[in-house]
Structures are given as structure tokens and as C-alpha cells.
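>
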Amino acid sequence: MGYLATIFWFVAEEVEGTSSEEPSGLDLILPAIDELIWGAVAFSIVLFVLNKFAWPKLRESIEAREKQIQGDLEAAERSKNEAEQEKRRYQQQLADSRGEANRIVEEARQQAEQVRKDIIAKAQAEAEQITTRAQESIAAERASTMQELQSTVATMSIQLAEKVVGRSIDASAQKEMVDAYIRDVAGMGNGSSN
Amino acid sequence: MVLALELDINHLFFWDPLLFEGTPYELNRVGILSLLAAALCVGFFLYGAAKKALVPKGAGNLAETLYLFVRNNIAIDVIGPEGAKYAGYLASVFFFILFSNVLAILPGIHFAPTSRMAIPFMLAILTWIIFNVVGVIKQGLGGYLKGTLFPPGVPKAVYILLTPIEFFSVFVVRPLTLMVRLLANLMAGHVLLTIFFLFTHEFLVTNIGPTAPLGLVTLAVATALMMLEMLVVVMQAYIFTMLSAFYIAEAVHGHGAEDHLTHDEPAHETPHEDRRPQLEGVAA
Numbered sequence: 052m053g054y055l056a057t058i059f060w061f062v063a064e065e066v067e068g069t070s071s072e073e074p075s076g077l078d079l080i081l082p083a084i085d086e087l088i089w090g091a092v093a094f095s096i097v098l099f100v101l102n103k104f105a106w107p108k109l110r111e112s113i114e115a116r117e118k119q120i121q122g123d124l125e126a127a128e129r130s131k132n133e134a135e136q137e138k139r140r141y142q143q144q145l146a147d148s149r150g151e152a153n154r155i156v157e158e159a160r161q162q163a164e165q166v167r168k169d170i171i172a173k174a175q176a177e178a179e180q181i182t183t184r185a186q187e188s189i190a191a192e193r194a195s196t197m198q199e200l201q202s203t204v205a206t207m208s209i210q211l212a213e214k215v216v217g218r219s220i221d222a223s224a225q226k227e228m229v230d231a232y233i234r235d236v237a238g239m240g241n242g243s244s245n
Numbered sequence: 286m287v288l289a290l291e292l293d294i295n296h297l298f299f300w301d302p303l304l305f306e307g308t309p310y311e312l313n314r315v316g317i318l319s320l321l322a323a324a325l326c327v328g329f330f331l332y333g334a335a336k337k338a339l340v341p342k343g344a345g346n347l348a349e350t351l352y353l354f355v356r357n358n359i360a361i362d363v364i365g366p367e368g369a370k371y372a373g374y375l376a377s378v379f380f381f382i383l384f385s386n387v388l389a390i391l392p393g394i395h396f397a398p399t400s401r402m403a404i405p406f407m408l409a410i411l412t413w414i415i416f417n418v419v420g421v422i423k424q425g426l427g428g429y430l431k432g433t434l435f436p437p438g439v440p441k442a443v444y445i446l447l448t449p450i451e452f453f454s455v456f457v458v459r460p461l462t463l464m465v466r467l468l469a470n471l472m473a474g475h476v477l478l479t480i481f482f483l484f485t486h487e488f489l490v491t492n493i494g495p496t497a498p499l500g501l502v503t504l505a506v507a508t509a510l511m512m513l514e515m516l517v518v519v520m521q522a523y524i525f526t527m528l529s530a531f532y533i534a535e536a537v538h539g540h541g542a543e544d545h546l547t548h549d550e551p552a553h554e555t556p557h558e559d560r561r562p563q564l565e566g567v568a569a
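Protein chains in written order, with the numbering used here: chain A, 52 to 245; chain B, 286 to 569.
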């Protein structure tokens, strides 16, 4: 039987270690007292040591982790809520800033409009003044021109009359005649225009 | 060709004492392996539990996962929230059986102390004591016996037949099946592995010749059986612990009272009563 030891020593030991008293088949399914005692000792060690030292430590570790995870989750929830509040505040501030900016722009626009209107009004006023002054100047120029024309026409008329009547007439008489003529002409002009 | 293969079944299971010969506490190989299994089990979990870390790694993580598996998936799942109280015992049973069973496939040892009756017997009797004591404490002696022997919702005449069956089933068959199931599975595994490895040895070493290919076949079968045995050693530890938990659950909640489980937990798709026959079927 020793050959078995070459590969399967466990079988060899079993074969060589067989008790001299041949056990019956029933012994296979009945607990042997010595094995029962050592089995009980072994399991008692397992039961005692694991329940006294191993399981409580593992439970502690698991509970600590659960607590930590729970704490982390709650902290995360708190942070999330705070972040949301912060976000809302920022959005509110942003909205306020936008309103403020719009208000400022609107004010600026209104001021610009006002300035534009003022400038236009001033320009119009100046333009009117210039126009008025120009009209007055034209009127004065016209009056002066008329005066000059009148004088020139009188002179030319006298010269013409002298040529026609062949004699000179004195200056005051000439002047009187011309004025009378002009009045007539003016009267004819007014009469025809009427 | 007739093979001269000698195999006496007694050679596989009976051992001469190594220490304390002639006393009732003789220490033979079974005793030593029982102590070895206990030492491995205790050593592993003490080592795992000693590793303090918020997120454990390696042995610490494995120890914690294994303990949690028994506590949550067996004790609490089967017994309910109260099951946490029994998790210590159930986990000790589970891992002691597991470490003992694993020796069956550990190279150099190839023998599980659970393939001898002592440990299955002891654990089954312990479970029997526990579930009966729990039943009496929780329901009172009268209530426990009444609930067990006279299940409600049955016509009175049927009790004539049912009560002896229930008595036999709960107080005799339960511990008996627990111990025999574990013993038989491990014993059968041991015998099968030995036979196939002996044949392999016979064909490939002792009588090498034209039958050598047969040795390859038996080697392949032995390898497959080894893998099957890996499954069996875990399954048997699980089944023993699971059934112990079922029996304790019944003692805690009364006969047939499986509604203690909260149905909002998705893991509880089937009440434990529905799963027990399946487990007992697998065990056979």
C-alpha cells in the first residue's frame, strides 16, 4: 500500500492509519465521542471568540461607516440646500442688477432725448433769430435801395424833363415835381392793385 | 482486466488516535482538523476585524462582506429585523462549517471534519436546542407546542394524522436531516474524489499500459468532481445555516407565520416558507 504515498498521501495515511478494530458501517453515521468532544471544543472556540471579538468589531466598523455615510449624506443635503439658496440669492441680485442697469440706461436715454430736444429747440430759436435778422436786414436793404432808386429815378426824370422842355428848372421845383409824380405813380400802383 | 484496487470505506473515515489514546477525548485526525478549521476561521475573522478602516480593503473587506452576507441575507432576511440577534450564532455556524468543509478540497488535507458525524450532529443538536428554547421563550411552552403540533386552519379530525407527523417532523426529522444532509454530502464527496483519484493512480501510475487513456478520463472526472465539491462545500454550509435560520424564524414568529417580513424590501420576493422546500430539495 505504500505506493499510494507517492501522489496521494492523504489516502495512504488513511489506509495505513486504519484502526485495528474494524468499525461497523453504523459507526460511519454515529458520532464518535472523542470527535464530538473536540468538535465541541473547536466550535466553542469559534462561537466564543467570534462573538466576543470579531463580530462586535465588524459591527462597529459597519455602523461607523453607516453613520459616516449618513452624516456625509446629510452634510451633502445641507450643502445642496445652501447652494440652492445662494443660487437664488445670486439670481435675485442678478435680476436686481439687470433692473438697475435698465433703469440707468432708460434715464440716460431720457436725458439724451432731453438734451437732443433742447439742442434742437435752441437751434430752431437761433435759426429763427437769424431768419428774423436776415429779414430785417433785407427790409432795411430794400428800403435803402428804394430810397436810392427813388433818388436816381428823380434825377433821371428831371434830366429827361429838361431835355424835353429844353430848359432847366430849379432844384426845389424839380424835387417837388418828382415827388408829386412818384406819389401819383404810387397812387396809381395802389389803385391798380386795389 | 480485473483491477486489483483495494478500497475499504473504513480506511477513509476512521483514524487512530494521535494524542490521549485510551481516553474519551482521544485526539485523532478529525479532532485536529476540527481545531484547524476553528483556528483558520477565528484567525481569518480576527485578522479581518482588526483592520480598522472606514472603507476596509482586502481581508477586512472580505471579512465584513462575509459577515454582512450572513447577517443580512440569512439572519435578517429569514427571521426579520429580530434576526440580527441570532446573526452571531448563525455566522459562527456558517463559517465553522465552511472552513471545515473547505478542508475537503484543500490540497494536502483533502478531508473535512464535517464528513464525520460528530460536527454535523453537534451543530444540528445545538440548532435544535436553540430553536426550541426560542420557541418556548417567545410563545410560551403551551403556545409553542400548540402552534407546532396543532397548526391552525386544519380540520380537527386531521390532527389525528397531522399532530404525530408534525411532532416527528419538527422534533426528530429536522435535526436529523440537518446533520445527515451535511454529513452525507461531504462523505459522498470524499468517497467520490478518493475513488476517482485512486483509479487515476491505478491507470496512470501503478498499472500503466493500454488502459492509460482511461486514467485520463478518471482524472478529468476527478477534476470536474473537485470543482463540484467546491460548490458543495459552500452550498452545504449555506443550506445548514439557512435552514437553521428558518427553524429559528418559525420559533420566533410561530408556525406558518411568515408575514413578519416587510414586503417593501425587494429581496423578499418569496416568503421563507416558500424557499425552504427548494433548499431541502437542493440539499438532497
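We put the CB at the ideal spot given by N, CA and C, even for glycine.
What you are looking at is a predicted structure, and each value in this text was computed from that prediction instead of being measured.
Any C-beta of chain B sitting closer than 8 Å to the C-beta of Gln119(A)?
For the purposes of this step, residue 119(A) is taken as residue 68 along the first sequence, with counting starting at 1. True, the Cβ-Cβ gap to chain B drops below 8 Å.
> What residue range is occupied by the uninterrupted alpha helix (DSSP H) comprising Leu446(B)?
Reading the second sequence from its first residue, position 161 is the one you call residue 446(B). 444-452 is the span of the alpha helix (DSSP H), which, as asked, contains Leu446(B).
> Is Leu375(B) near Leu318(B), with beta carbons less than 8 Å apart?
Start at 1 with the first residue of the second sequence, and residue 375(B) comes out as number 90. Start at 1 with the first residue of the second sequence, and residue 318(B) comes out as number 33. No; because the gap between Cβ atoms is not below 8 Å, this pair is not in contact.
> For Gln424(B), collect the residues of the same chain with a Cβ closer than 7 Å to its Cβ; drop the 5 residues on either side in sequence, then sort them by chain order.
Looking up residue 424(B) in the second sequence gives position 139. The residues are Gly432, Gly539.
> What's the call for Leu200(A), buried or exposed, on a 16-neighbour Cβ count within 10 Å?
In the first sequence, residue 200(A) corresponds to position 149, counting from 1. Per the 10 Å Cβ criterion, exposed.
> Note the first and the last residue of the continuous alpha helix (DSSP H) segment covering Trp89(A).
If you number the first sequence from 1, residue 89(A) lands on position 38. Counting along the chain, the alpha helix (DSSP H) containing Trp89(A) begins and ends at 84-100.
> Check whether the segment 118-137 of chain A touches the segment 349-367 of chain B, taking contact to mean three or more Cβ pairs, one atom from each stretch, closer than 8 Å.
Output reads no: the segment 349-367 of chain B does not touch the segment 118-137 of chain A.
> Going along chain B, which residues have a C-beta under 7 Å from Gly122(A)?
Locating residue 122(A) in the first sequence gives position 71, counting from the first residue. Listed by position along chain B, the residues whose Cβ is nearer than 7 Å to that of Gly122(A) form an empty set, because the closest Cβ is around 11 Å away.
> For a contact meaning CB atoms closer than 8 Å, what does Arg401(B) contact in chain A?
Stepping through the second sequence from its first residue, residue 401(B) is reached at position 116. Per Cβ cutoff of 8 Å: Pro82, Ala83, Glu86.
> Once the 5 residues before and after Gly420(B) are set aside, which same chain residues still bring their CB inside 6 Å of it?
Your numbering for residue 420(B) matches position 135 in the second sequence. Answer for Gly420(B): Tyr429, Ala536, listed in chain order.
> Based on the DSSP output, what are the partners of Leu304(B) in its beta bridges?
Your numbering for residue 304(B) matches position 19 in the second sequence. Residue pairing by DSSP puts Leu304(B) in a beta bridge opposite Leu312(B).
> Beta-carbon within less than 6 Å of Gly500(B)'s beta-carbon, same chain only, minus the 5 sequence neighbours each way: which residues are those?
For the purposes of this step, residue 500(B) is taken as the residue at position 215 of the second sequence. Result list for Gly500(B): Thr485, Phe488, Leu489, in chain order.
> Looking only at its chain, what residues have a beta carbon closer than 6 Å to the beta carbon of Asn346(B), apart from the 5 residues adjacent to it on each side?
Along the second sequence, one-based indexing puts residue 346(B) at 61. Counting only Cβ-Cβ distances below 6 Å, and skipping sequence neighbours, we find nothing.
> Using three-state DSSP, classify Arg401(B) as helix, strand or coil.
Indexing the second sequence from 1 puts residue 401(B) at position 116. Arg401(B) falls in the coil class under three-state DSSP.
> Hey, does Ala552(B) have any beta-carbon neighbour from chain A nearer than 8 Å?
Against the second sequence, residue 552(B) aligns to sequence position 267. Confidence is the limiting factor: at Ala552(B) the pLDDT is only 42, short of 50, which leaves the residue's position unreliable, though a coordinate-based value still follows. Chain A contact via Cβ: absent.
> For the alpha helix (DSSP H) that contains Arg356(B), what are its first and last residues?
Here the question's residue 356(B) lines up with position 71 in the second sequence. Segment: none, Arg356(B) is in no alpha helix (DSSP H) and carries neither H nor E.
> Using only alpha-carbon positions, find the residue among Glu86(A), Gln161(A), Asn102(A), Met239(A) that is nearest to Glu306(B).
In the second sequence, the residue the question calls residue 306(B) occupies position 21. Answer by Cα proximity: Glu86(A).
> From the beta carbon of Ala126(A), is the nearest beta carbon of chain B less than 8 Å away?
Position 75 of the first sequence holds residue 126(A). False, the Cβ-Cβ gap to chain B never drops below 8 Å.
> Which chain A residues sit within Cβ distance under 7 Å of Glu349(B)?
Taking the first residue of the second sequence as position 1, residue 349(B) is located at position 64. Per Cβ cutoff of 7 Å: Leu109, Ser112, Ile113.
> Using 8 Å as the cut-off, can you tell me whether the segment 402-415 of chain B makes contact with the segment 334-349 of chain B, which would need three or more C-beta pairs spanning the two stretches below that distance?
no
> At a Cβ threshold of 8 Å, is Gly90(A) touching chain B?
Stepping through the first sequence from its first residue, residue 90(A) is reached at position 39. Judged by the 8 Å Cβ criterion, Gly90(A) is in contact with chain B.
> Under DSSP, the alpha helix (DSSP H) around Lys118(A) begins and ends at which residues?
Taking the first sequence and counting its residues from 1, one reaches residue 118(A) at position 67. Lys118(A) -> alpha helix (DSSP H) spans 106-216.
> Any C-beta of chain A within less than 9 Å: which residues of the segment 406-432 of chain B qualify?
Cβ contacts with chain A come from Phe406, Met407, Leu408, Leu411.
> Could you check what DSSP says for His475(B) in three-state terms: helix, strand or coil?
Along the second sequence, read from residue 1 onward, the residue named residue 475(B) stands at position 190. In the structure shown, His475(B) sits in a helix (DSSP, three-state: H, G or I).
> Whose Cβ in chain A lies nearer than 9 Å to the Cβ of Ser529(B)?
For the purposes of this step, residue 529(B) is identified with residue 244 of the second sequence, where counting begins at 1. None at all; the shortest Cβ gap to chain A is about 13 Å.
> When you compare the segment 438-456 of chain B with the segment 467-475 of chain B, are there three or more beta-carbon pairs, one atom per stretch, that lie closer than 8 Å?
no
> Using alpha carbons as the reference points, say which of Gln180(A), Asp78(A), Ala93(A), Ser75(A) lies closest to Tyr310(B).
Start at 1 with the first residue of the second sequence, and residue 310(B) comes out as number 25. Checked all of Gln180(A), Asp78(A), Ala93(A), Ser75(A); the closest Cα to Tyr310(B) is Ala93(A).
> Is Gly343(B) close to chain A, meaning its C-beta is less than 8 Å from at least one C-beta of that chain?
Residue mapping note: residue 343(B) aligns to position 58 of the second sequence, counting from 1. It does not; no Cβ of chain A falls within 8 Å.
> Pull up the distance between the alpha-carbon of Ala163(A) and that of Ala172(A), whole angstroms please.
Stepping through the first sequence from its first residue, residue 163(A) is reached at position 112. Stepping through the first sequence from its first residue, residue 172(A) is reached at position 121. Roughly 14 Å separates the two Cα atoms.
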